[in-house]
Every structure is written in structure tokens, then in C-alpha cells.
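> In the working numbering, the protein residues as written are 1121 to 1349. Below you will find the structure I want to go over with you.
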Amino acid sequence: MIRTLTGLIIVLILGAVAAAVVPEMQMREELQGVGYSYASRGMDDTGSSNLVTAVIVAYRGLDTLGEVVVLFCASTAVVLILTLYPIGMKASEPSRVVAFTAKVLPAPILLFGVYFIAHSHISPGGGFPGGTVIASVFLLVMLGSSSVPDGKGRLSAIESLAGLSFGLLGFWGIMTVGQFLNNAFLGTGTPGTLVSGGLIPLISIAIGAKVASEFSGVFKAFRNTGGTV
């Protein structure tokens, strides 16, 4: 009862604050500062018609590298904990529906994930969501089988190669034009075409491969230690 009352009071307070603040907020009709700079010259600088990806991968590429490191640390910690403290549950046999789905859907889901990554500089997408979609294929295959796919060595190799590629692409820019992840030395191509965006497609591929392998490794660790995935 006390928890319910406390939660209700908090909701009412937050609602009152939102009702007082939101009407006073002024929406800018035009971009200013850094936002205006990105919007006005982003396509010319990067060759990417998707400015969101251009900002994440090119302008703030070093920050994205940090996010990749955070994901690596998190996935490593999860796998380590599951290895040291296994869950100890037995995996059940998949139902006919799940088994059939695991045979039919992996190919189109994989294709969708690859499309997400390959077209991230043209349309909404990117290495992070695309890699997650590809990892879901690995999860679906595990759900549809009583055994765990043996991909430990391959997953580690892909994860290591993808992380190394990201760093090398960044330092390649430093060595050639003096700026981390700079597109100038590779060329930006024609915006809106598949071969455009300079380094952005290559970085998206590296991020996608890294995210997919790390999430797949986590799924595999859950299954190996008796998890329910």
C-alpha cells in the first residue's frame, strides 16, 4: 500500500512539473550552432545523405568508438559472470512452430540486417541496429535447436577483426589528412548512391560485425550455462 501511494505521489509530481514546463518550451524554427553546421554542410563533407549516420560515424566517430568499447566491456562482463556462475537450467526442446520458424526466417532476417548496415549512409540504419538484427538470427537458430551452434572461435575472430578495423580506419585518417575518421583521403562519392559516404559504409560494416558477434557471444553464453534463450 505504501509503495503504491508513493508511486502515485511521484507520478502526480512529475505530471505537474511536465504540465508547467512543456507549455513554456519554445521550439526553434531554424537550426542554430552546431546543428546548423551539420545540416548545411554535412552532405558535402561526408557524402552521406543520411545526416544522422554522418554525425554518429564521422563527426562524432571518436565518441562512437567509445560506445563500441563500452559494449565490448559489457558483453565481456556478462559472459564472464555466466561462466563463473552458471544458471544451471536445462534447455527444453523447441516446439514445432519455433523449429519451423528457425528454419524459414533466418535468411530474410539476415538479409534485412545486411541491408541496414550497407545502406546506413543512404537511409535509416547503421551498424548498431544492423548488427543487432544479425545477432537475432543466431538467437533464432539456437531457439529452434536443442544444441548450441559451435561458433565460439569464429565469433571471437570476427569481433577482434571488426574492432581492429574500426581503429585502423580511424588512424588511417590521422596518417593521411591528420584527422581521425576523416573522409577526405577516400573520397565521398555521389550522395544517395551505394558507393558514397567515404569511410562511413566501411565503419558501419565494422560496427555491425562487432555488435553481431558480441551479442551472439552473449546469447551463446546464456545457452551454454543453462539459460533459457
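For each residue, glycine too, the CB sits at the ideal point set by N, CA and C. Only a predicted model underlies this, so the values are computations on that prediction, with no experimental measurement involved.
1) Would Phe1335 be called buried (16 or more neighbouring beta carbons within 10 Å of its own) or exposed?
2) For Val1154, count neighbouring C-beta atoms within 10 Å of its own C-beta (all shown protein chains included) and say buried if the count is 16 or more, exposed if not.
3) Between which two residues does the alpha helix (DSSP H) containing Ala1178 stretch?
4) May I ask you to report which of helix, strand or coil DSSP gives Gly1309?
5) On the criterion of 16 or more Cβ atoms from any shown chain inside 10 Å, does Leu1231 qualify as buried, or is it exposed?
6) Considering Cα atoms alone, identify which of Gly1181, Tyr1156, His1239 and Thr1203 is closest to Gln1299.
7) On the DSSP letters alone, give me the boundaries of the alpha helix (DSSP H) that Glu1149 sits inside.
8) Which residue wins for smallest C-alpha separation from Gly1290, given the options Val1224, Gly1251, Glu1213 and Ile1327?
9) Span of the alpha helix (DSSP H) holding Ser1256?
10) In this structure, does DSSP put Ser1316 in helix, strand or coil?
11) Mark Phe1339 as exposed unless 16 or more other C-beta atoms lie within 10 angstroms of its C-beta, in which case mark it buried.
12) Taking Cβ to Cβ, would you say Gly1247 is nearer than 7 Å to Ser1324?
13) Would you mind working out which of Val1188, Leu1171, Ala1227 and Ala1282 sits nearest Phe1258, comparing C-alpha positions?
14) Mapping the DSSP letters down to three states, classify Tyr1158 as helix, strand or coil.
15) Relative to the C-alpha of Val1218, which candidate in His1239, Tyr1235 and Met1262 has its C-alpha closest?
Straight from the coordinates:
1) Phe1335 should be labelled buried.
2) Here Val1154 is exposed: its Cβ has fewer than 16 other Cβ atoms, across all protein chains shown, within 10 Å.
3) Element bounds for Ala1178: n/a, residue is neither H nor E.
4) Per DSSP, reduced to three states, the secondary structure at Gly1309 is strand.
5) Under this definition Leu1231 is an exposed residue.
6) For Gln1299, the nearest C-alpha among the options comes from Gly1181.
7) That residue, Glu1149, is in no alpha helix (DSSP H); it is neither H nor E in DSSP.
8) For the residues Val1224, Gly1251, Glu1213 and Ile1327, the minimum Cα distance to Gly1290 belongs to Ile1327.
9) Here the alpha helix (DSSP H) through Ser1256 covers Gly1247 to Leu1263.
10) Strand, per DSSP.
11) Buried is the label assigned to Phe1339, since at least 16 other Cβ atoms lie within 10 Å of its Cβ.
12) Note that the C-beta distance between Gly1247 and Ser1324 is below 7 Å.
13) Per the C-alpha coordinates, the member of Val1188, Leu1171, Ala1227 and Ala1282 positioned closest to Phe1258 is Ala1227.
14) Tyr1158: helix per DSSP, three-state reduction.
15) For the residues His1239, Tyr1235 and Met1262, the minimum Cα distance to Val1218 belongs to Met1262.
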